[in-house]
Amino acid sequence: MSLIRARYMLQRGEARLSSVLLLLSVLAVSWLLWSGLYKPLVMGLGAFSCLLSAYLAYRMGFFRHHKALVRLLPRLPGYWMWLLKEIVVSSIDVTKMILSPSLPISPTVVKLKAQTKTDVGQVIFGNSITLSPGTVTLDMHKGEVLVHCLTSDGAAELQKGEANRRAAALEHK
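Each residue of the sequence shown is one higher than the one before, starting from 792 at the first, in my numbering.
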């Protein structure tokens, strides 16, 4: 295959068969581990969902970012552990607020400058914010992230930049 053709394929989001098979493998293993159901119908639906996800990833140009994703893989488990801890802490905080008779909320919108440099890093940062109860990423444009926080304390915590720093650390070697 010529270099020009390969570059054109990458620009369009096309991928080598090995990249597609790697994505399918990760999706299938994840699905099998998380579903816990191994009946033929459910397995067939799981296989269909993995194939559909891979097709949609192809159509959205996922494979243009394949190299960036491969570089992130070794650092993701540590990030996921930190994110899981943050989700649990946020869940407890939101539960306390909801159960409090005074309902101590102070909705706030903040604009953050993402420290991540790549599209993949910015998406990880924005999705991590949204996964934490009490915060929602509203918009992301040119490295700026608009976030709705349930409380001003939550907004202040985000502005300290720990989540931003950890998401950016995923990109660095």
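Cβ atoms here follow ideal geometry from the backbone N, Cα and C, with glycine treated the same way.
In summary, N955 is buried, with 16 or more beta-carbon neighbours lying within 10 Å of its beta-carbon over all protein chains present. Taking a contact to require three or more Cβ pairs closer than 8 angstroms, the stretch 876-896 and the stretch 921-938 qualify as touching.
Residues S826 of the same chain have their beta carbon placed closer than 8 angstroms to that of V833, with the five preceding and five following residues left out of the count. Rounded to the nearest whole angstrom, the C-alpha separation of T909 and N918 is 14 angstroms. One Cα belongs to L894, the other to E935, and the distance between them is close to 30 angstroms.
The Cβ neighbour count for F916, taken over all protein chains shown within 10 Å, is at least 16; the residue is labelled buried.
Pairing V927 with V901 gives a Cβ-Cβ distance that is not under 7 angstroms.
Around the beta carbon of E953, a 10 Å sphere encloses fewer than 16 other beta carbons of the protein chains shown; the residue is thus reported as exposed. For R850, the closest alpha carbon among the candidates L949, V811, A905 and L941 is that of V811. Residue pairing by DSSP puts V936 in a beta bridge opposite L903 and M931.
A direct Cα-Cα distance of roughly 8 angstroms separates A819 from G837.
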